[in-house]
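A.B. asks:
Protein chains in written order, with the numbering used here: chain X, 1 to 541; chain F, 1001 to 1631; chain R, 2001 to 2099; chain Z, 3001 to 3532.
1) Residues in the same chain with beta-carbon distance under 7 angstroms from residue 3298(Z), minus the five sequence neighbours each way, listed in chain order, please.
2) Residue 15(X): buried (16+ other C-beta within 10 angstroms of its C-beta) or exposed?
3) Going along the chain, which residues of the segment 1576-1594 of chain F sit with their C-beta nearer than 8 angstroms to a C-beta in chain X?
4) Indicate, with yes or no, if the ligand MN has a heavy atom lying under 7 angstroms from the CB of residue 1308(F).
5) Does DSSP put residue 1071(F) in a helix, a strand or coil?
6) So, does the CB of residue 1615(F) fall closer than 8 angstroms to a CB anywhere in chain R?
7) Which residues does DSSP list as the beta-bridge partners of residue 86(X)?
8) Are the Cβ atoms of residue 214(X) and residue 2078(R) separated by less than 8 angstroms?
9) With distances taken from CA atoms, which of 185(X), 219(X), 401(X) and 387(X) is nearest residue 176(X)?
10) Do you know whose CA, among 3415(Z), 3064(Z), 3212(Z) and 3386(Z), lies nearest residue 3143(Z)'s CA?
11) Does DSSP put residue 3249(Z) in a helix, a strand or coil?
12) With a Cβ-Cβ cutoff of 8 angstroms, do residue 3310(Z) and residue 3358(Z) count as a contact?
13) Are any of the Cβ atoms in chain F nearer than 8 angstroms to that of residue 2022(R)?
14) Rounded to whole angstroms, what is the Cα-Cα separation between residue 1436(F) and residue 1380(F)?
15) Provide the residue span of the alpha helix (DSSP H) that contains residue 3077(Z), from first to last.
16) Got a sec? Which residues, its chain only, sit under 6 angstroms from residue 221(X) by beta carbon, not counting five neighbours each side?
17) Residue 1250(F) and residue 1344(F) - do their beta-carbons sit closer together than 8 angstroms?
18) Since residue 3367(Z) and residue 3292(Z) should fall inside the 8 angstroms C-beta cutoff, what is the C-beta to C-beta distance between them, to a whole number of angstroms?
19) Rounded to whole angstroms, what is the Cα-Cα separation between residue 2967(Z) and residue 1191(F)?
20) Determine the burial state of residue 3058(Z): buried for a count of at least 16 other Cβ atoms within 10 Å of its Cβ, exposed for fewer.
21) Going by alpha carbons, who is nearest to residue 2043(R) out of 2022(R), 2092(R), 2014(R) and 2025(R)?
22) Rounded to the nearest angstrom, what separates residue 2095(R) and residue 2086(R) at their Cα positions?
23) Quick test of your reading: residue 3247(Z) and residue 3202(Z), contact by CB under 8 angstroms. State the CB separation rounded to the nearest angstrom.
24) Going straight from the alpha carbon of residue 3006(Z) to that of residue 3044(Z), what length do you get?
25) Determine the DSSP secondary structure at residue 127(X), reduced to helix, strand or coil.
26) How long is the line joining the alpha carbons of residue 89(X) and residue 3510(Z), rounded to whole angstroms?
27) Do residue 455(X) and residue 372(X) have their CB atoms nearer than 8 angstroms?
28) At which residues does the beta strand (DSSP E) containing residue 3061(Z) begin and terminate?
29) May I have the straight-line CA-CA distance separating residue 1373(F) from residue 1561(F), to the nearest angstrom?
30) Could you tell me whether the Cβ of residue 3352(Z) comes closer than 8 angstroms to any Cβ of chain F?
31) Do three or more CB pairs link the segment 3029-3044 of chain Z to the segment 3094-3106 of chain Z at distances below 8 angstroms?
32) Run the CB neighbour count on residue 1512(F), radius 10 Å, all protein chains shown included, and call it buried at 16 or more, exposed below.
33) Comparing the C-beta of residue 1073(F) with each C-beta of chain X, is any distance below 8 angstroms?
34) Measuring CB atoms only, is the segment 333-345 of chain X touching the segment 356-372 of chain X, in the sense that at least three cross pairs come out at less than 8 angstroms?
35) Taking buried to mean at least 16 other C-beta atoms within 10 Å of its own C-beta, is residue 1536(F) buried or exposed?
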């Protein structure tokens, strides 16, 4: 009965920090607008308006983030917003900034219409004319002829991005779950929308969806158990219970289950697992290669970069704010996962024959590297991970952008054998790709090296030297296949029927330029960004 | 005066540089330039010599410090020369014989297109040899030591188009390098013992060092000497070295370079005096080589190889003498000088013969040449008499002194050594007479060669005969002059320790015995080759003859002991490097490849198996967390 | 009767759902199993909410239902799309990408 | 502050590289001249460094220091000691000759496909060489360990493209065959060195952690660390120091290369063009030995002392093993490669003998070996370019048709077997003396190298140059003026360094004394003094 009486208490209207949450709100708002456009605007205006809307929204949102950071929300002014549901602090703002930048350049990738050969005189992008039409069916032909294009991709992407912006900010388990779904569902759909090789694309979508749902079910059950343990969903509350100081409003009399460690441990494990799935860490990585390969390459790029950033953000907050009390329980697990990810990712990648799959495995290995920074429970650890994410995401985007440009008769030529001698055909592009590969491999003077160094140093500082050793070995193995691609591009004779490199529009070009600059600058003069990440290294509670 | 010492070296060095860099445009007069510079160097030597005579025995030594060469902490090597009586003796020998042979070569190499290079190399040799004998520290000596090795390499292999020549050159250099290690290690030992390797301090404070150290240094020096002076066991290169043009054999492989070993031992006398064991080894090496060379000399039909054997044996005499200590040093040097004259003369004679006989070297194809080339015959004959120790010619004095010293060693060793040296004298007489008879006496045995053109033996041009004459004079008179009221001994005694041992038998007795044995040798040779006609193809003699023809199986031994195993070793290592060391590397790569191939099978495309792995992963996660808490 | 039993039930349901995912081929059924897992979680949430005597769990459960609904929309859309292009709803048939 | 000379010396080739790279593909010759000019400018700057450097002055001179990545404790710190000066000079002197020697090596083949219109091998070749030069110089002058490491690693990339991208003109075996071998060699080179580098990275991170309790947090400044260690302000636990030492040493031993980590070198040198091969063995590999001297000994004295016996043993193995394998080679480039392995054995031996003779000798050895190998290898390259084969068996009697080529080849060879009168003799003798005074047995074993060197050089010379002329070589041209212009100065330099090495020793020796004092060693007393 008591709990009902609780409910009868007047519900005070929630106060809501619009400013602090503006970035997310802007993006989601724009997404909603996008849906309306889809609903009402005539077809021929949609593309233009969607692109403009998305770009504007992201730009404004980014400005908002910068503004918030400038007002000290990253540091002294950090606050818990939305009735304790969201945290607006250093990590949040940093990651939101990164995510918005990723989104910003990804829009260009999505909107690129120069790559595909024009159909019936209309320039088309790399997304299905009409997702619902069966591949090769009459409906599809009709859709193509009448020049349909799936402009829904923009709102979908904005929605996903909205979820991602929430993810690292989530300060209680409810929001964590919601954000997870909000970012996942649109991605499932986006995966299914490839124009070429639609069967693969759809298969990717199915796998991603089923496995994703499966994972989120685990996460949810974990949430339930944690709630059962602590009697609250808010991170801070749980942390208090763990540290043995339960927040007052729970009636001890009924808290029979409170503080039952089995719930805590199992729940914690399940929640962590749900996040590791998004991160793509062994043994929850198996969706990555297939999805990366099947999804439309722009989506893959966006997903590979943004999802990792968001998911690691969430993982960091969960581990640092909620579970530091049980550090000794989850650290060994994460050690294992990190080691397994680094080694498995690097080793399996050696024998890959498809560029996108190759990058997928490399992303698994990188997840391992980043985890090495995560387990270093220290501000350096956080900031190093933040820096690594920023560096890594741009390299990834760039790499996938390059892949969209190398095409032959049936779309992108992703099979490695076709890349032979690319360096002879177009040295510049091959050089750019080589730069990204070297950055992945962590060669000095690239952002990859700075990131790797930061992460390993943090790990070593907190006494995880073995992780560093393994990481180093894994990097050596990984170097092997990055180098293999370079050899292929530069040292082997071009094949006669080899792919050609299409000259993209300004959008892709500029976005490639951004990635290159980011890769080099973060490699040569990382100090400024290290400072940023350093200032952003503290979580608010 | 000191400054002349540097010029002594500089003149031929300049010649070598100019001739090598100058290129074809110097072809016309290059040889004259070289000869002139050699002569210039000789004049410097003469000037210095008379200047030296002008001073008292004690302060005759000159020295010139050019510059500090390699200064690293305690290791202070300087380019500095030292000219004392011992060096002076060598300088005179080298420059005089050297100049003569330059002159001789002008005629001998007339028809060779690469004559300019030849003279450049000759000059290079002179320079290096002078550095060797003028150096005032062992490191600079080492430079000269390897320098002459280089020159000898270049000159032996001068006719590079002949594979045999190239091989011989390589062999000479490599074998010498083995000896050089000895010199190097000796220097290391000096440095770590005395903290320096300059003659003065080292030899000055030698007696302070422990005998063990001195013995080690002595043996190492001996090793070096063996390499350079073709002493057993490093003698094998000298015979092949005869592939080089004859003037080279005369200058380098008879008169000067091969005697450098003797110089080294004498120069380092102070060290050997402190190390009797080392001395014993020196004596043994000398004695063995003495007989070894003589026996080989008896069997060879190639005139140059026969002479080479003789050279070895004569140097054996010198080595033995040096091993005897102060008693022997002076006479070793004396024999060295006289030998320089008559052996050079003999080689030039041989060269002149070959010159007249279309480069035929097989003595069984000669015969009766005295009619055709009288000058050669006479000069060669005088050299012959000198070497076999014909009374009152050069060899007579120097050799008898050595034999006497050998007896003077005393005790059984004395008798053994004396016996060996006497036996050597007999053998010398035998093989030299053999050469003489085969070449100049008997009836002519040459016939048309492969191209069918018959040799027309003729006397050689002036430029060749004059040096021969001069050397002949030297080989006749030198010994007598040296022995005249102990000229030579007095000359060297300030720098080279001397002593008078008392021998069981008197000088007279020694001379008589030596002369008698000499006659025996001559007689034996006459019985064999003088009395009856010589077969044109060598009869397969007794085992000893066959062995001697093959240089007493030295090459066979070296092959069996070093070359063949070496080849196997290198081949084996190449295999090991490829399969094992590199195999590990490639193996690692392959290993990861295979692992990867196996692991990627897990990615089988079935969503449900992916789900299964997730499920299992979750299970593990939970299990581990619970366990962590449990333990 | 003590609320723990509800928890046991929810755990049981969750396991059943998981097994369903692992064992069944038909995408629809797999999907239904996942829904089952979600609802197991819901049951756990409300149970805990009851035990703790605060409403967070129930609120959460409502949200989960909404999300599940959204998931159904997306999921069915995808599955149907695949079915139309392949004429099969079997998860194992969708295995073009491997290795 | 004064003019940043060292930075300029690094920037000159870097800028040159960019300039060369942007030359349009048609203007090939222009690119070559740009590259040559840049390398000459670098040489001039290096000469200035040589002049401005006062022997016996401060340990590190011409220093520059700016903050770079304070977050990592990394700063942009440059400075040279005598050893660094010598090696910078070597690099700057060699590169112009290499460019001259490789003048036509990278011209696109006649049958270059129009597809490769934008493919500009020539520009790339010379740009890469300059890039390598810049990075090598940087790693010689960097006194910040992290800065050093960055370039130590980064230089692999241009090297990798040089090896894999440019080989000899097709010879006995087909183009594609060669391409396969080339890329194998390149990949092997890169991965081998990268692996070493990554091990070193772990050690570097470890070093940072170990120094992190210094006032002002972890640092990579060589001087700071050595001073802190000297003042006892910083001490490493024994095991930590040894592990760190190993991490550094393995990386350097791979680069050097030391047996048994050497197998990448023969492939790399065998497959690449002669100038690149020289670049590898004469310049890039020197970074390894240089770093042993500067970092291993400077940072981890106790560990160095601890490891010395093993290192000396490995060095001895390298000396003998490399020489024997050189004798066993059929390919003249591989022969030279194995000879280099033997020589690196000498260098390492000299470094770890811990005597002033040994280490001065080792430093001189780095310089002399660089020049000698350059002379020998470049002439070999000219020979190969004429016949299109690397197999020794394909040659014979060259001295008849090309006497000058043969002569220069012989001189290069004689220098390689360290004949007195050439630079290598002095360095080798110093190394041996220095070793002998402390480890007599090792010194004597090393002497085997003297004989073996004579063997492999003379065998090579005899088989290729002497004997009857092979018909296919009968019309072989002698050295062209360009080629002679490349080789002659090198030979002159060799002889000069053999006759008058004092200037070099004067520069090197004080720095060696510093290093020795770091390690806390001093030359053993001569026996007689010791007795007194």
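All C-beta atoms in this analysis are idealised placements derived from N, C-alpha and C, irrespective of residue type, glycine included.
In this text the structure is predicted, and so the values were computed from the model without any measurement.
C.D. replies: So, from the listed chains and residues:
1) 3222, 3226, 3515 and 3518.
2) Label assigned to residue 15(X): exposed.
3) Considering only beta carbons, the part of the segment 1576-1594 of chain F lying closer than 8 angstroms to chain X consists of 1589, 1592 and 1593, in chain order.
4) The ligand content of the structure shown is nil, which means the ligand MN is not present either.
5) Three-state result, residue 1071(F): strand.
6) At least one C-beta of chain R is nearer than 8 angstroms to the C-beta of residue 1615(F).
7) Checking the DSSP bridge columns, you'll see residue 86(X) partnered with 81(X) and 170(X).
8) No; because the gap between Cβ atoms is not below 8 angstroms, this pair is not in contact.
9) Of the candidates 185(X), 219(X), 401(X) and 387(X), the residue whose Cα lies closest to the Cα of residue 176(X) is 219(X).
10) Ranked by Cα distance from residue 3143(Z), the options 3415(Z), 3064(Z), 3212(Z) and 3386(Z) are led by 3064(Z).
11) If DSSP states are grouped into helix, strand and coil, residue 3249(Z) belongs with the helices.
12) Not in contact: residue 3310(Z) and residue 3358(Z) (Cβ atoms no closer than 8 angstroms).
13) Cβ-Cβ to chain F under 8 angstroms: yes for residue 2022(R).
14) Here the alpha carbons of residue 1380(F) and residue 1436(F) stand approximately 8 angstroms from one another.
15) Residue 3077(Z): not part of any alpha helix (DSSP H); member of the beta strand (DSSP E) spanning 3074-3080, first to last residue.
16) For residue 221(X), where only same-chain residues beyond five positions count, the Cβ hits under 6 angstroms are 270.
17) Less than 8 angstroms separates the beta-carbon of residue 1344(F) from that of residue 1250(F).
18) Incorrect: roughly 16 angstroms between the Cβ atoms, too far for contact.
19) In the structure as shown, chain Z starts at 3001 and stops at 3532, and residue 2967(Z) therefore has no counterpart that could be examined.
20) Residue 3058(Z) is classed as exposed because its beta carbon has fewer than 16 other beta carbons within 10 Å across all chains shown.
21) That would be 2014(R), whose Cα lies nearest to the Cα of residue 2043(R).
22) Rounded to whole angstroms, residue 2095(R) to residue 2086(R) spans 12 angstroms at the Cα level.
23) The C-beta separation of residue 3247(Z) from residue 3202(Z) comes to about 6 angstroms, placing the pair in contact by the 8 angstroms criterion.
24) The alpha-carbon atoms of residue 3006(Z) and residue 3044(Z) are separated by roughly 12 angstroms.
25) Strand, per DSSP.
26) Pairing residue 89(X) with residue 3510(Z), the inter-Cα distance amounts to about 56 angstroms.
27) Their beta carbons are under 8 angstroms apart, which means residue 455(X) touches residue 372(X) by this criterion.
28) For residue 3061(Z), the uninterrupted beta strand (DSSP E) segment begins and ends at 3061-3069.
29) Whole-angstrom Cα-Cα distance: 45 angstroms.
30) Residue 3352(Z) does not count as touching chain F.
31) They touch, by the three-pair rule.
32) Exposed: under 16 other Cβ atoms inside 10 Å.
33) Not flagged as an interface residue toward chain X: residue 1073(F), since no C-beta distance is shorter than 8 angstroms.
34) The segment 333-345 of chain X vs the segment 356-372 of chain X: in contact.
35) Looking at its Cβ environment, which holds fewer than 16 other Cβ atoms inside 10 Å, residue 1536(F) is exposed.
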